[in-house]
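S.K.: Numbering-wise, the sequence shown is residues -23 to -1, 1 to 261 according to mature numbering (1 follows the signal peptide of the UniProt record, and there is no 0). Don't be surprised by glycine CBs; every beta carbon is placed ideally from N, CA and C.
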Amino acid sequence: MATNLSLLLSIILLLLVIQPIKGHSFKSLQHLEGSHKGQTVKGLHEIKHYLSAFGYLKLDNSIGLSNDHASVKDKDEFDEHLEHAIKSFQKNFHLNVTGRLDSSTLDVMMTPRCGVSDIDNMSPNYAFFPGKPKWGKKYLTYTFNSSVTHEVLDKLSFAMQTGSEEWHKHTQFTFARGRPSSTSDISIGIMHMDGPGKVTARAGPPTFPIMLFDPDENWSINDKPNANQLDMVSAATHEIGHILGLEHSTDVNAVMYPFLGYGMTKRELSHDDIDGMFALYGKP
Ligand SMILES: [Zn+2]
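1) Between Gln138 and Ser161, what straight-line distance do the alpha-carbon atoms span, to the nearest angstrom?
2) According to the neighbour-count rule (16 or more other Cβ atoms, all chains shown, within 10 Å of its Cβ), is Asp131 buried or exposed?
3) Please list, following the chain, all residues that have a C-beta closer than 6 Å to any non-hydrogen atom of ligand 1.
4) Give the single residue among Pro261, Tyr258, His248 and Ser29 whose Cα lies nearest to the Cα of Asn102.
5) Between Gly253 and Asp56, what straight-line distance do the alpha-carbon atoms span, to the nearest angstrom?
6) May I ask you to report which of helix, strand or coil DSSP gives Phe185?
7) Within 10 angstroms of its Cβ, does Asp53 collect 16 or more other Cβ (buried), or is it exposed?
8) Considering only C-alpha positions, which residue in the set Ser164, Lys175, Asp171 and Ala212 is nearest to Pro186?
9) Measure the C-alpha to C-alpha separation of Asn73 and Leu83 and round it to an integer number of angstroms.
10) Give me, in chain order, the residues of the same chain whose beta-carbon lies closer than 6 Å to that of Met170; leave out the 5 immediate sequence neighbours on both sides.
11) Leaving out five residues before and five after Gly(-1) in sequence, what residues of the same chain have Cβ atoms less than 8 Å from its Cβ?
12) With DSSP run on the structure shown, which of helix, strand or coil describes Gly166?
13) What whole-angstrom Cβ distance do Gly222 and Phe106 have, given they're in contact under 8 Å?
14) Per DSSP, what kind of secondary structure is Val176 in: helix, strand or coil?
15) Which runs of the alpha helix (DSSP H) at least 4 residues long sit entirely within the region 185 to 238? Give them in chain order.
16) Write down the C-beta distance between Phe143 and Glu216 rounded to the nearest angstrom, noting that I regard them as a contact closer than 8 Å.
17) Could you please give me the residues that DSSP links to Phe105 through a beta bridge?
18) For Trp112, which residues of its own chain have a beta-carbon under 6 Å away from its beta-carbon, when the five flanking residues on both sides are left out?
19) Distance check for Gln67 and Ser80, CA to CA, integer angstroms please.
20) Roughly how many angstroms lie between the CA atoms of residue 285 and Ser226, to the nearest whole one?
21) What are the boundary residues of the alpha helix (DSSP H) that residue 262 is part of?
22) For Arg154, which option in Arg179, Leu237 and Tyr119 has the closest C-alpha, if you only look at C-alpha atoms?
23) Of the residues Gln16, Ala178 and Thr151, which one's Cα is nearest the Cα of Leu133?
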């Protein structure tokens, strides 16, 4: 039986692997539109935090940001490192590679997304975690840990069942929900991340098979979520992909694309998701 201590340690490990960006509201980025290299604009450090959290900017190389004693001016300076990071982000998501904070780039940045870091200069589409970790078995069990409240459990159960069936349909993997408190391959929980929007869920690779959902989101499991709701089935399907070993894809049609806006669903695997699984595990 997994103890609460081992669960806590696992979550800490997961959070060490996946950098959180708590406390930074994506909606506050709009006023930075038009910013470019050479400028100092109040609030640019928010962009640096964002790009650092998702793997595009190394803080040590960014003047001042990692230094608590650095002046606000330095932290808000649009330097060449920031321009390079923005270009990488734009390239990954098929935006015009301008290095400027144009409106389309900010629109993508403000879209609710998975909390797992992207890989800088991702391959054309699907990608894997460093070292390409994968499962050595094809039958996986999952359980909901003690953090999952009754209010969320029904939605989460449906989302996991529907999402895992989609992966089963296209791959060799079979999923089953384990008995409560039993040992399982995948642990699923809830964790307050950063309030509504922004980061909505996250999961670890096969070596850290933990999946977490932000209970502050306005989750839906309906086929057609309302315009102010996020689809938990789509989110679960995406996070299962991480658990199986897929990183983020740059293919906007892929389940493993990191962004999914309000009112949208993406519950069916794309060719890119399936190709990624075949590349990692071989064809069934
Ligand atoms: Zn993700």
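M.R.: Short version:
1) 15 Å
2) exposed
3) Cys91, Val93, His215, His219, His225 and Pro235
4) His248
5) 36 Å
6) coil
7) buried
8) Ser164
9) 12 Å
10) Val176 and Asp191
11) Residue confidence for Gly(-1) is low, a pLDDT of 41 falling below 50, so the modelled location carries little weight and cannot support an answer.
12) strand
13) 6 Å
14) strand
15) 209 to 221
16) Going by the sequence as given, residue 143 is Glu instead of Phe. Actually they are not in contact, since the Cβ atoms of Glu143 and Glu216 sit about 12 Å apart, beyond 8 Å.
17) Leu223
18) Pro183
19) 12 Å
20) Residue coverage of the chain in this structure runs from -23 to 261, which leaves residue 285 outside it and unanswerable.
21) Not covered by the structure: residue 262. The range shown for the chain is -23 to 261.
22) Tyr119
23) Ala178
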